[in-house]
Amino acid sequence: MNLLSPASNSWRQNVLKIRLAYYSTEKMSHTSILQKIRDTRPLHQAHAHIIVSNLSENVFLCNRLMNAYASCGLVSISQIIFSQISDKNLVSWTILLSGLTKNDRFFEAAEVFNEMMVLKIRPNERTIATVLPAFGKLGRVLLGKSVHCYWRRRNFGGNVFVETGLVDMYSKFGCMRIARNVFDNMTVRNVVSWNAIISGYSSNGYGGEALQMFNWMRRNGLPGDIFTAMSLISVEDFRVGVGIHSLVVRSGYENDPLIRTALMGSYINGNFVDDAYRIFEEIGKKDLVAWTLMLRGFSKSGNWRRTLEHFEKMMGEEKIALDYVSLITMLSACSCFGALEQGRRMHGLVLKIGLQDDLFVGSAVIDMYANCAGMMDAKRYFGGMVEKDVACWNTLISGYGMIGCGNEAIDTFLKMDGLGLSPDESTLVSVLCACSHAGLVEQGLRIFDQMTKVWNLIPNLKHYACVVDLLGRSGRINDAYSLTKSMHLQPGVEIYSSLLTACKIHKNFELGDEIAQKFVELKPNDAGHYILLSNVYALAGNWDCARMSRVSLKSNNLKKNPGLSYMEINGEMFTFMASQTDHPHYLEIRDFLQGLILKIKAAGYEPDTDSVLLDVSDDVKRDILFHHSEKLAIAFGLMRTKPGSVVRITKNLRICDDCHLASKFVSKVYARVLIIKDANRFHVFRDGICSCRDWW
DNA sequence: TTAGGGTTAG
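Residues in the first sequence are numbered from 1 upward in steps of one, following UniProt numbering.
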């Protein structure tokens, strides 16, 4: 640029204007979208000025403009400007990439990077640092690794931006060993580098390592910042216990909105919904994320009434505009509670908001119908989708699995494979699980065997857990146990709990005891696992160990989920809790249930007191069985629905042996079809027989 | 260069 040319003066003015616009928008990026729109005006004016002043050929100016547009979210204008620059330089490419990644358009960023490679444009350190997050978010492992190699070959030397980007990328791939290796070899590290490794460990479930790195960081004289606090909040060990809050208070970020929502999330994950709600209430201006988190909190804690009330408040009083995540959360809640009526309403909202082409929403709708209405409705929605991804197919396959249609699940799986859609890890979990529910042992084993050979998938712990379940439930416990010993992975809680379940079903207490020992060493932080352990001991008559397991449950600050059953009658949801005598309809239900028990006893039912795994008298056991939530729900359902109609119940835990037995008798004596969905699958009781053929 | 809410599995 010739500074003496007549244009130079106006050029300087324009640079000034653009800088002004740039800085104002930069500040705006943290505030509301409305303000952003208002402030793009000077930017458009500057842009217009550049065009009329014949300056649109100036690369420097165009690069600046692109950056300014991208910074306020108008990345598509950035792309147009880029396409019109005749002599693009490396900075233009880098700014385009940065605009795309800053606006979450990772796929396009990777495409642009590929185009650069094709055009033999060599990226520099800044370009690489810009594009690495995109590879991480997209899971483009090979591309990421090749860029890492390229950077090493070019021998640029240490660069904190690139190296931190690499740590973050490998963490997102789940390759913590490589991430750590890059981190350890860094000569210069800043707080961002530390945060990247800490967040990597914490998000990949290595809480201990995350804390270790945090301590090491502090020993290096770095106190950490808000990002460090965010990463530590999500550390698993912190969730259930001591010190999340005190750490945050000490860090001084307690009132930050992001920290607050992260805290809410960790309380919800630890099943401390009231603590989460306390934080929610303290937030002055609640955003969609906070509202959505509470929706999940209420539904996760099994409280449908509060879930729905919260949703109505969100829609009514607060006029919060729903987005796809909040709708998925609600659909998933409807699915858990078997709330068909509300589920249909959510389906309507999906159409109203125009999210019918969203694939995530699609899976959630299919799942809701599969759980509430049946496979016909699920299939109808699936059939109407313009585009279907692997997750949609997986949802359909697991739907078939839940109703015990193993062959349909396998057929759907083969159909998907035949269409050229490669199954992913979850597909295999869904299909293996479907085989397990249907008792299709040989078919399941064959699919598992073909995993590596045909679909190039390396079995993970979940796959092994499915196969262990498949073998164990069919009585091949020793085969299941040898599989866990021969696999290339360290067995986790899931594997041992599958084995324990098998030992419990087949009353193999000797092996059960051996596995229980290993199980205890793993210190599971899920209440359900301790209950299982306690039940296995109880069945073996080892009451001391059974009691100990329940004590460790308490000492680990874990809460057992109470047994809950739900029933929707004419759109109204009724909840029943085990042993709940203060239910508004309790007396009515109790009287009816007493008569019901007498009737089915006359038909041959005898309470299965072995299902009560507590060291109490038989009378107390019978009373506990009488008050199981399913039985209260069945009685209420028979009372409140028309003779001959189907009684639908959803249960949060797995149905117990005694309720399963009683349901069979009820279906025969009362000539009613009972459909009970438990935590695992559907049981359709008809004429004294269950669709699961007592295999569950 | 790092950060909060979501679907399919047991």
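Built from N, CA and C at the ideal position, the CB exists for glycine as well.
Residue nearest to Trp291 within the set Arg306, Phe311, Lys300 is Phe311 (criterion: CA-CA distance). Note that the C-beta distance between Ser534 and Ala546 is below 7 Å.
Put simply, the segment 608-621 does not touch the segment 309-329. Fewer than three CB pairs are less than 8 Å apart.
Shown here for Val673: same chain residues with a beta carbon closer than 6 Å to its own, the five before and five after excluded, namely Val646, Arg686 in chain order.
When DSSP states are grouped into helix, strand and coil, His683 belongs to the strand group.
Following the DSSP letters along the chain, one finds Val647 inside the beta strand (DSSP E) bounded by residues 647-651.
If you look at Ile495, you'll find it in the alpha helix (DSSP H) that goes 493-505.
Excluding five sequence positions before and after Ser251, the CB atoms of its chain that fall closer than 6 Å to its own CB belong to Ala229, given in chain order. Per the coordinates, the alpha-carbon of Gly528 lies some 7 Å from the alpha-carbon of Lys560.
In the displayed model, Tyr670 falls within coil according to three-state DSSP, outside both helix and strand. By the Cβ criterion, the segment 327-336 is in contact with the segment 364-373, since at least three pairs of Cβ atoms, one from each stretch, lie closer than 8 Å. Tyr464 and Tyr496 have their C-alpha atoms roughly 11 Å apart. For Glu510, the three-state secondary structure derived from DSSP is helix.
Phe574 has Met567 as its beta-bridge partners, per DSSP. Going by DSSP, Arg654 is part of no alpha helix (DSSP H) at all; its letter is neither H nor E.
The Cβ neighbour count for Phe574, taken over all protein chains shown within 10 Å, is at least 16; the residue is labelled buried.
For the pair Phe448 and Val431, the CB atoms are not nearer than the 7 Å cut-off. Leu258: member of the alpha helix (DSSP H) spanning 257-269, first to last residue. Ser266 places its beta carbon less than 7 Å from that of Ile233.
Here the segment 593-613 makes no contact with the segment 351-371; the two share fewer than three CB pairs at distances below 8 Å. Per DSSP, the beta bridge partners of Lys677 are Thr650, Phe682.
Going by C-alpha positions, Ser301 is about 10 Å away from Asn652. Spatial neighbours of Phe509 in its own chain (CB-CB distance under 6 Å, excluding positions within 5 residues in sequence) are listed in chain order as Ala540.
Going by beta carbons, Leu295 and Thr329 fall inside the 7 Å limit. Contact between Leu96 and Ser76 fails: their C-beta atoms lie close to 11 Å from each other, not under 8 Å.
Between Val536 and Leu500, the C-beta gap is smaller than 7 Å, which places the two residues in contact.
The closest CA to that of Arg305, considering only His148, Leu564, Val289, Cys466, is found on Leu564. Contact annotation: Leu288 and Ile320 have beta-carbon atoms nearer than 7 Å.
In this structure, the alpha-carbon of Ser146 lies about 15 Å from that of Phe156. Take the alpha-carbon of Asn54 and the one of Phe82: they are about 16 Å apart.
One alpha carbon belongs to Cys659, the other to Gly338, and they sit about 19 Å apart. Inside the segment 149-221, DSSP marks whole alpha helix (DSSP H) runs of 4 or more residues at positions 160-173, 176-184, 191-203, 207-219, from first to last along the chain.
Under the DSSP definition of a beta bridge, Cys690 partners with Phe685. CA-to-CA, the gap between Asn460 and Arg473 works out to about 20 Å.
The three-state secondary structure of Ala409, taken from DSSP, is helix. For the segment 49-86, the full-length alpha helix (DSSP H) segments reaching 4 residues or more read 59-71, 75-84 along the chain.
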